[in-house]
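Participant: Numbering-wise (our numbering), the sequence shown opens with residue 3 and increments by one.
Note that the Cβ used here is the ideal one computed from N, Cα and C, for glycine as well.
Just so it is clear, the structure is predicted and the values come from calculations on it, not from any experiment.
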Amino acid sequence: GFAGTSGTGGTSGSGGTSGTGGTSGTGGTSGTGGTSGTGGTSGTGGTGGVACNDPGPEPNDDLASATPVCGSPGCKITCADSAGGTFTGVVDSGDVDYFTYFGEDKLTCLVNAVAATTDPGFRLCLFAACAGGAQTTIKSCKAGVITSGPNGMQGCCATAPGNVELDFDCPGLTDDDSADVWMRVDDATACTGYAVSYHM
C-alpha cells in the first residue's frame, strides 16, 4: 500500500498582549512661602518741658535792679513791725529776684530786719547796708546762717519754708541803724511761686 501523508504541525500560539504601565502620579503643588512681617513704627520723641511763666517784675537779678517793695524807688518803712508787708513773685532754677526798701530807725522801735515765707523750694536771704555808706556790722543771724552776698556784703540766708532775721549795727553816737535792706530769693529747685512777708 501507499505510505500515509505526513501531518502538518499545529499553529503556534500567539503571545499575550503586553500590559500597559499605569499612569504616573503628578507631584503635589509646592507650598508658597509665608508673608514677611513689617517693621514696627518708630516712637515719637518726648515733648519739651513747659516754660516757667514769670509775670515779673523783671529784671531784678541784682542789687541795682532790685524791686522796691512799696512800688517806687526810695521806698521807706519804719522799724515798727506793723510797717512791713508782703511781696510775691515767681522764681526758676538759675533765676535770682531782689526786693528792697529803706528801713528808718526810730526811737520808739527796735531794728530787726525779718523776712519769712511758708512756700518751699528756694532760698531766702537778707542783706543790709547802713545809710550814707557807713560801715555795716553783721552781729548775728537770729534766724538763718551768715552768707556772703554781692559787693562783699554779709547777710543771712535760710532754706524755705522758714524765716530769716538779720541783726546788724551801724556806727555813730546816736545809734541810728537806718539802712538799705535787700531781700533775695534764689536757688530754686524748679519753677515756683512765692510770697514773702517782711518788716524792719
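1) Among the candidates ALA53, CYS54, ALA68, whose CA atom is the shortest distance from the CA of GLU60?
2) Could you spell out the range, first to last residue, of the beta strand (DSSP E) harbouring GLY135?
3) I think ALA131 touches SER180, with their Cβ atoms under 8 Å apart; what is that distance to the nearest whole Å?
4) In the DSSP assignment, find the unbroken beta strand (DSSP E) run with VAL147 in it and report its ends.
5) Buried or exposed: THR138, going by 16 or more other Cβ atoms within 10 Å of its Cβ?
6) Spatial neighbours of THR2 within its chain, please: CB distance less than 6 Å, with the 5 preceding and 5 following residues excluded, ordered by chain position.
7) If we ignore side chains and look at the alpha-carbon of each, how far apart do CYS172 and VAL92 end up?
8) Rounded to whole angstroms, how far is the Cβ of ARG186 from the Cβ of TYR103, which I believe are closer than 8 Å?
9) So what does LYS78 bridge to, in DSSP terms?
10) State the DSSP-derived secondary structure class of GLY195, mapped to helix, strand or coil.
11) Once DSSP output is grouped into helix, strand and coil, what is the label at THR31?
12) Which residue wins for smallest C-alpha separation from GLY157, given the options LYS141, LYS78, ASP178, LEU128?
13) Once you ignore the five residues that flank GLY47 on each side, which residues in its own chain have a CB closer than 6 Å to its CB?
Facilitator: Let's see:
1) By one-based count along the sequence shown, residue 60 stands at place 58. Comparing Cα-Cα distances from GLU60 to each of ALA53, CYS54, ALA68, the minimum goes to ALA68.
2) In the sequence shown, the residue the question calls residue 135 occupies position 133. It is not in any beta strand (DSSP E) - GLY135 carries neither H nor E in the DSSP assignment.
3) Taking the sequence shown and counting its residues from 1, the one referred to as residue 131 is at position 129. Taking the sequence shown and counting its residues from 1, the one referred to as residue 180 is at position 178. Not quite, the Cβ-Cβ distance comes to about 11 Å (not below 8 Å), so this is no contact.
4) Sequence index remark: in the sequence shown, residue 147 carries index 145 (1-based). Where VAL147 is concerned, the enclosing beta strand (DSSP E) stretches over 147-150.
5) As a working note, residue 138 is residue 136 in the sequence shown. In the assembly as shown, THR138 is a buried residue. Its beta-carbon has 16 or more other beta-carbons within 10 Å.
6) Lying outside 3 to 202, the shown extent of the chain, residue 2 is not represented and no answer is given.
7) Within the sequence shown, the letter at position 170 stands for residue 172. Within the sequence shown, the letter at position 90 stands for residue 92. So the alpha carbons of these two residues sit roughly 33 Å apart.
8) In the sequence shown, counting from the first residue as 1, residue 186 sits at position 184. In the sequence shown, counting from the first residue as 1, residue 103 sits at position 101. Not a contact, Cβ separation roughly 13 Å.
9) In the sequence shown, counting from the first residue as 1, residue 78 sits at position 76. Listed as beta-bridge partners of LYS78 by DSSP are PHE104.
10) Numbered from 1 along the sequence shown, position 193 holds the residue referred to as residue 195. In the structure shown, GLY195 falls within a strand segment according to DSSP collapsed to helix, strand and coil.
11) If you number the sequence shown from 1, residue 31 lands on position 29. Bear in mind that a pLDDT of 48 at THR31, under 50, signals an unreliable position, so the model cannot answer this.
12) Taking the first residue of the sequence shown as position 1, residue 157 is located at position 155. Measuring from the Cα of GLY157, the nearest candidate turns out to be LEU128.
13) By one-based count along the sequence shown, residue 47 stands at place 45. Unreliable placement is indicated for GLY47, whose pLDDT of 46 sits below 50; the coordinate value is still reported in the next sentence. Taking GLY47 as the centre and dropping the five residues before and after it, the same chain places no C-beta closer than 6 Å to its C-beta.
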